[in-house]
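Counting along the sequence shown from 1, when you hit position 193 you're at 193 in UniProt numbering, and nothing is skipped either side.
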Amino acid sequence: MSLFNLFKQAAISLLGHKNPTPPSAKVHVGTGADNEFQIHIGGVPHLFRDEGDRVVHFRAVFDRTIQHTAFGDKLLPEVMPRWSKVGVHDADGDTLQSVAERVVRDAKLSASVSRQEDSKAEVVRQHSTGLQKAGQLDDRAVHRPQTSASDASSSTYTVGTLLEWGEMEFPNRKPGGKRTYTSFAVKLDTGAGVKTLQGEGLKDVLADARCKVGERVGVKRLYKEKVPAFDQTTGQPLRDRTTGEQKLWDRWVWSINRIH
1 MSLFNLFKQA
11 AISLLGHKNP
21 TPPSAKVHVG
31 TGADNEFQIH
41 IGGVPHLFRD
51 EGDRVVHFRA
61 VFDRTIQHTA
71 FGDKLLPEVM
81 PRWSKVGVHD
91 ADGDTLQSVA
101 ERVVRDAKLS
111 ASVSRQEDSK
121 AEVVRQHSTG
131 LQKAGQLDDR
141 AVHRPQTSAS
151 DASSSTYTVG
161 TLLEWGEMEF
171 PNRKPGGKRT
181 YTSFAVKLDT
191 GAGVKTLQGE
201 GLKDVLADAR
211 CKVGERVGVK
221 RLYKEKVPAF
231 DQTTGQPLRD
241 RTTGEQKLWD
251 RWVWSINRIH
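Structure follows, in structure tokens:
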């Protein structure tokens, strides 16, 4: 051994340095291993993985790809999710169960705060509307909105002012199931009352149109398309017992336009 290498080895021993560890093999997530736990939080699949000295939290991301369907080419979500890392929990006593419970609790608290803020905003809006109406009593005939054929709502086309949108609960009319179920919906003030439009497809058109609360819009229900079906509890694909292929659900396709 040369004198230089001898000094190098001595320095490493004194400083406690270790030889670099070779990179570990890529870990596959979402395989159903015993050290993994999946749960739905806010309608989105989450996965927690116990890696011995830490618990890693992942969130399912369904990338969209162009797929050929009976209705033509559609931009549909992938059947299997891509697991995106959310965070790492390595505090003393952290387990799969404790970390999952904490994440669920934080999500519920965040949703509660959001609902409170939305409620306060609605109170302010109603108060402002009340003041405007009080100031317009004398010239109500001039400023009262006139109903016309273009503003009328039908079973497939609804015109109104956007009040809110998001995941909402609805009564479940199917026998033997839960009393309620959660689905994406939009609430519109049509002038004749508040109308709720329900459908997961509304998410895409709202995002594409960049709609905002308070805007006047026209929403139209177009047709149904087939989308991959997933279990809302486990996040796993629902498969046909006979063929083993993933089931497809019907989803309404919508259009939305701003009315100026």
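Beta carbons: idealized from backbone N, C-alpha and C, even for Gly.
Check, Outcome
"By DSSP's criteria, Arg-82 is part of a beta bridge. Which residues make up the other side?", "Val-61"
"When we look at the beta-carbon of Ala-192 and count the other beta-carbons within 10 Å, is it buried (16 or more) or exposed?", "exposed"
"Report the option in Trp-249, Gly-166, Thr-242, Val-99 whose CA atom is closest to the CA atom of Ile-39.", "Val-99"
"Do Phe-37 and Gln-97 come within 9 Å of each other at the CB atom, strictly closer than that value?", "yes"
"Span of the alpha helix (DSSP H) holding Val-205?", "202-209"
"Lys-226 lies in the beta strand (DSSP E); which residues open and close that run?", "216-228"
"On the three-state DSSP scale, how would you describe Lys-108?", "helix"
"Have a look at His-17 and Asp-53 and give me their C-alpha separation to the nearest angstrom.", "Caution is warranted here: a pLDDT of 49 is assigned to His-17, below 50, making its placement in the model unreliable, and the coordinate value is therefore given only provisionally. If I take the Cα positions, the gap works out to 22 Å."
"Is the stretch 243-253 touching the stretch 215-235 in the sense that three or more CB pairs, one from each, lie closer than 8 Å?", "yes"
"Return the residue from the list Gly-214, Asp-204, Asp-34, Phe-58 that minimises the CA-CA distance to Leu-163.", "Gly-214"
"Helix, strand or coil, according to DSSP, for Val-99 in the structure here?", "helix"
"Mind checking whether residue 271 and Pro-45 have CB atoms under 9 Å apart?", "For the chain, the structure presents residues 1 to 260; residue 271 sits outside this window and is missing."
"Count the other CB atoms within 10 Å of the CB of Gly-160; is the residue buried (16 or more) or exposed (fewer)?", "buried"
"Provide the residue(s) that pair with Val-186 in DSSP beta bridges, ordered along the chain.", "Trp-165, Leu-197"
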